[in-house]
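Notes to accompany the following structure.
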Amino acid sequence: MLIVMLCSLHLLGLLLAWTTSRAPALPANLIVVGFTSLVAGLLLLMISRSLVSAVQVLYTRGDADLLLASPMPARRVTAVRATFIAVSVSLEVGFLIWPFANMFALWGRPAWLKAYLLVPTLGLVATSLGLVLALALFSIFGPRRTRVIGQVLSAVIAVGFTLALQLPNMLRGSPRRQGFGPATWQGAALAIDGPLFAPARLWLAGNAGPLVLLLVGGGLFALTVQRLGDRFMTAAIAATGTAVSQARRPGRSSLRFGGTRRGILIRKELRLIVRDPWLLTQILQQCVAVLPLGVVAWRESHRGAPLIWGLTIYLCGFLAAALSWITLVAEDAPEILATAPISRREIVRVKLEAALWPILPLALLPAVCLLRSYPWFGVCVSLCAVGSALSCASLNVSGQPPAKRQDFRSRQRAKPLRGLVELSIVVVWSLLCWALVWFGHSWAQSPT
Amino acid sequence: MNPPALALAVRDLRKTFTRPAVAGIDLSIRPGEFYGLLGPNGAGKTTTLRMIAGLLKPDTGSIEVFGVDVLGDPIGAKRLIAWLPDEPLLYDKLTVSEYLEFVAGLWQMEPERAQRNARTLLERLDLWSHRDERCEGFSRGMKQKAVLAGALIHDPRLLILDEPLTGLDAAIAREVKDLLLERARGGCTIILTTHILEVAERLVDRIGIIQSGKLVAEGTLDELRRIAGRSGGSLEEVFLRLVEPVPS
Chain B
34 MLIVMLCSLH
44 LLGLLLAWTT
54 SRAPALPANL
64 IVVGFTSLVA
74 GLLLLMISRS
84 LVSAVQVLYT
94 RGDADLLLAS
104 PMPARRVTAV
114 RATFIAVSVS
124 LEVGFLIWPF
134 ANMFALWGRP
144 AWLKAYLLVP
154 TLGLVATSLG
164 LVLALALFSI
174 FGPRRTRVIG
184 QVLSAVIAVG
194 FTLALQLPNM
204 LRGSPRRQGF
214 GPATWQGAAL
224 AIDGPLFAPA
234 RLWLAGNAGP
244 LVLLLVGGGL
254 FALTVQRLGD
264 RFMTAAIAAT
274 GTAVSQARRP
284 GRSSLRFGGT
294 RRGILIRKEL
304 RLIVRDPWLL
314 TQILQQCVAV
324 LPLGVVAWRE
334 SHRGAPLIWG
344 LTIYLCGFLA
354 AALSWITLVA
364 EDAPEILATA
374 PISRREIVRV
384 KLEAALWPIL
394 PLALLPAVCL
404 LRSYPWFGVC
414 VSLCAVGSAL
424 SCASLNVSGQ
434 PPAKRQDFRS
444 RQRAKPLRGL
454 VELSIVVVWS
464 LLCWALVWFG
474 HSWAQSPT
Chain L
255 MNPPALALAV
265 RDLRKTFTRP
275 AVAGIDLSIR
285 PGEFYGLLGP
295 NGAGKTTTLR
305 MIAGLLKPDT
315 GSIEVFGVDV
325 LGDPIGAKRL
335 IAWLPDEPLL
345 YDKLTVSEYL
355 EFVAGLWQME
365 PERAQRNART
375 LLERLDLWSH
385 RDERCEGFSR
395 GMKQKAVLAG
405 ALIHDPRLLI
415 LDEPLTGLDA
425 AIAREVKDLL
435 LERARGGCTI
445 ILTTHILEVA
455 ERLVDRIGII
465 QSGKLVAEGT
475 LDELRRIAGR
485 SGGSLEEVFL
495 RLVEPVPS
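Residue numbers (our numbering), protein chains in the order written: chain B, 34 to 481; chain L, 255 to 502.
Below, the structure is given as structure tokens:
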């Protein structure tokens, strides 16, 4: 799979290199601004990843006890862990960037090979910032809350990165786009003498620049490990001995029994989802990907039917796939359910219900909101949104090995085909919706 | 209709993974009996218990719990059983009281009885003051106690425990042992596996020793002493004598 993806990225890089080779050369100032934006985006993404890894290091015992009990200085343990984070973060991003660099270099632009220095430089800087951020969170929020806050912050940074990437698409064709026209670029070009663009200028100036920046990144990394290494390991020790007691919420009564088995199962699933902020931010992060499409649909909406409602088909499908994966596949205590006097079929049915109930209001929204203006369109969208949700959720009913909630983020990476199937289902339901609307429209206009 | 003579009747139970894990086990446990299943690592203890609890399907053989066929009527049998795994699996984001509410709901207990049992168990296991805390902050011992409370809340007639005292400190282990003895005296049938022979010696009525998927000896401690030819010996000596490898 990895080889296939690498080959595909190289192919894509080749196409891009070929098409851009015919385009006129960009002004130098524009290159500096574009390069800085790209680096800022990548750095954000890498900080997000390194923050999660640093927080994980704080809370994962693994061999930490053994290492800390050994005569090895704590600082060196931090250095090893931090190096691992820097390498893994760099490889993650490098995997996406280097194939393009290879192809551009092959197509007569060898300067692109500097990407092999750029990514590690960013990895070192991002890891340093990730460590500092993790420690800062630990100092501010304490060992019990840092894990969740770190994960949420990381997701928020990643959402920022996704939105930043989509900004050009979202503004394309809009009146606001004028604000990003040539005048803006010229303005930015005037400002490139400022310190903000200094790294880009240095990087693009010659061959020594990248080496200097790599040394600066390495220096920052070494300084961080040197200054914070001991404190980081002290925090790790404190994190493993996190206090058990939790403040009780005043006014909450406990031991309330009763209710149907179905209701209790649904309540349990919803509680587990709502109380997991990391999981919620992960879901939100993936929903954000639809934003550019939403903006385009919204812009087109004034010409006829409000197309933006069509997005509910995608959102319902995606949310159903995500929530049903959580309820059906990522069951925390499968043995409790397996030994309970309840059939597997009933468990699956109720868990599906638990995943689909929160989505139902979203699916019905088009029918309700468009009742007066476009009733047929609203009904079609709602029906297809429900269909999309049911179909996507049913993908998780069988054939999925049990997983942990923490694997939510990587669930599609583990099975990329399933992601494609989800997307295909949503597309099929969208097409069906379009066909239904078209037939309804034709039928209404046909002579009686 | 006469009540069944046996709480648990296992006949010729077999299960093979890559090699035979359980190779023809027969067990007969009377109602109210406290039975200990001992054996070296990999002997087939956990596999046997998981099949009795309905978590694994045997290749061949039959299991009856109070006359209910576990394979033919799994739901009926599960109403009578509680299973406590060696690893306390809980829902970290639920509080203990929510967890008990969930378990009581699965067994469709009447609310009043569930409330009464939950309160008694939480107080007995020293979890009452923690009832509104989420399990994610609990130590292993507290998690094990919460899972035990969940297993006992619906008053099971057959309690199946896999290494219930692993990883517990002395005080918590004492609480758990006392609670189990109380339940056994109250008529609950208990079958447990343990590597702590002192626990088996002190708690159980009868012991079954399992090796390589087969029951090699069964009886009270005195009967086992006779089988092993170690009169007056401790359970440890008897156990080691009975499971010692046969010289090839």
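Here a beta-carbon is modelled for each residue, glycine too, at the ideal position from N, C-alpha and C.
Item, Value
"By the 9 Å beta-carbon criterion, what residues does the stretch 368-379 of chain B contribute toward chain L?", "Glu368, Ile369, Leu370, Ala371, Thr372, Ala373, Pro374, Ile375 and Ser376"
"Which residues in chain B have a C-beta closer than 7 Å to the C-beta of Ala358 (chain L)? List them in chain order.", "Phe290"
"Shorter than 8 Å from the beta carbon of Asp440 (chain B) to some beta carbon of chain L?", "no"
"Determine, for Asp263 (chain B), whether the minimum Cβ-Cβ distance to residues of chain L falls below 8 Å.", "no"
"Looking only at its chain, what residues have a beta carbon closer than 6 Å to the beta carbon of Ala355 (chain B), apart from the 5 residues adjacent to it on each side?", "Ile316"
"Taking only beta carbons into account, state which residues of the stretch 302-324 of chain B come closer than 7 Å to chain L, listed in chain order.", "Arg304, Leu305, Arg308 and Asp309"
"Taking the C-alpha atoms as reference points, what is the distance between Leu235 (chain B) and Pro243 (chain B)?", "7 Å"
"Looking at Leu75 (chain B) and Leu170 (chain B), is the spacing between their C-beta atoms short of 8 Å?", "no"
"By how many angstroms is the C-alpha of Val414 (chain B) removed from the C-alpha of Gly16 (chain B)?", "Coverage of chain B is limited to positions 34 through 481, which leaves residue 16 (chain B) absent and any answer about it impossible."
"Mapping the DSSP letters down to three states, classify Ala148 (chain B) as helix, strand or coil.", "helix"
"Is it buried or exposed, Ile375 (chain B), if we count other Cβ atoms within 10 angstroms and call 16 or more buried?", "buried"
"Taking Ala87 (chain B) as the query, report the chain L residues whose CB atoms sit under 7 Å from its CB, ordered along the chain.", "The contacting residues do not exist; Ala87 (chain B) stays about 21 Å from chain L at best."
"Pick out whichever of B:Ala272, B:Asn62 and B:Pro132 has its Cα sitting closest to the Cα of Leu49 (chain B).", "B:Pro132"
"Flag Ser485 (chain L) as yes if its beta-carbon sits less than 8 Å from any beta-carbon of chain B, otherwise no.", "no"
"Tell me whether Asp476 (chain L) is buried or exposed, calling it buried when 16 or more other Cβ atoms sit within 10 Å of its Cβ.", "exposed"
"Consult DSSP for Thr53 (chain B) and reduce its assignment to one of helix, strand or coil.", "helix"
"List the residues that DSSP assigns as beta-bridge partners of Lys468 (chain L).", "L:Gln465"
"Mapping the DSSP letters down to three states, classify Pro246 (chain L) as helix, strand or coil.", "Residue 246 (chain L) falls outside the range modelled here, since chain L spans only 255 to 502, and no answer is possible."
"Please state the DSSP three-state secondary structure of Leu525 (chain L).", "Limits of chain L in this structure are 255 at one end and 502 at the other, which puts residue 525 (chain L) out of reach."
"With distances taken from CA atoms, which of B:Thr345, B:Arg378, B:Leu348 and B:Val165 is nearest Leu361 (chain B)?", "B:Arg378"
"Short of 7 Å in beta carbon distance, which residues of its chain neighbour Phe288 (chain L), apart from the five on each side in sequence? Order them along the chain.", "Ala438, Ile444, Leu457, Val458 and Asp459"
"Return helix, strand or coil for Gly395 (chain L), following the three-state DSSP convention.", "helix"
"Rounded to whole angstroms, what is the Cα-Cα separation between Ile36 (chain B) and Ser70 (chain B)?", "29 Å"
"List, in chain order, every chain B residue whose beta-carbon is nearer than 9 Å to that of Pro365 (chain L).", "Arg289, Phe290, Gly291 and Gly292"
"From what residue to what residue does the beta strand (DSSP E) around Gly420 (chain B) run?", "Looking at the DSSP string, Gly420 (chain B) is not in any beta strand (DSSP E); the run it does join, the alpha helix (DSSP H), is Pro408 to Ser427."
"For the stretch 403-414 of chain B against the stretch 454-472 of chain B, do three or more pairs of beta-carbon atoms, one drawn from each stretch, fall closer than 8 Å, so that the two count as touching?", "yes"
"Taking Cβ positions only, does Arg539 (chain L) come closer than 8 Å to chain B?", "Nothing in the structure corresponds to residue 539 (chain L), since chain L is present only between 255 and 502."
"With a Cβ-Cβ cutoff of 8 Å, do Leu78 (chain B) and Phe194 (chain B) count as a contact?", "yes"
"DSSP three-state call for Thr349 (chain L): helix, strand or coil?", "strand"
"Quick check: is the beta carbon of Ala366 (chain B) nearer than 8 Å to any beta carbon in chain L?", "yes"
"Step through the CB atoms of chain L and report whether any lies within less than 8 Å of the CB of Val277 (chain B).", "Because Val277 (chain B) sits at a pLDDT of 41, beneath the cut-off of 50, its placement in the model cannot be relied upon, and the following sentence gives the value as read from the coordinates. Yes, Val277 (chain B) lies at the interface with chain L (some Cβ there is under 8 Å from its Cβ)."
"Taking Cβ-Cβ distances below 8 Å as the criterion, which residues of the stretch 305-319 of chain L are in contact with chain B?", "Ala307, Gly308 and Leu309"
"Could you tell me the boundaries of the alpha helix (DSSP H) in which Leu398 (chain B) lies?", "Leu393 to Cys402"
"Using the beta-carbon of each residue, which ones in chain B are nearer than 8 Å to Glu352 (chain L)?", "Lys301 and Arg304"
"Taking the alpha carbon of Glu387 (chain L) as the reference point, which residue from L:Leu406, L:Lys347 and L:Leu360 has its own alpha carbon closest?", "L:Lys347"
"From what residue to what residue does the alpha helix (DSSP H) around Gly315 (chain L) run?", "It is not in any alpha helix (DSSP H) - Gly315 (chain L) instead sits in the beta strand (DSSP E) that spans Thr314 to Val319."
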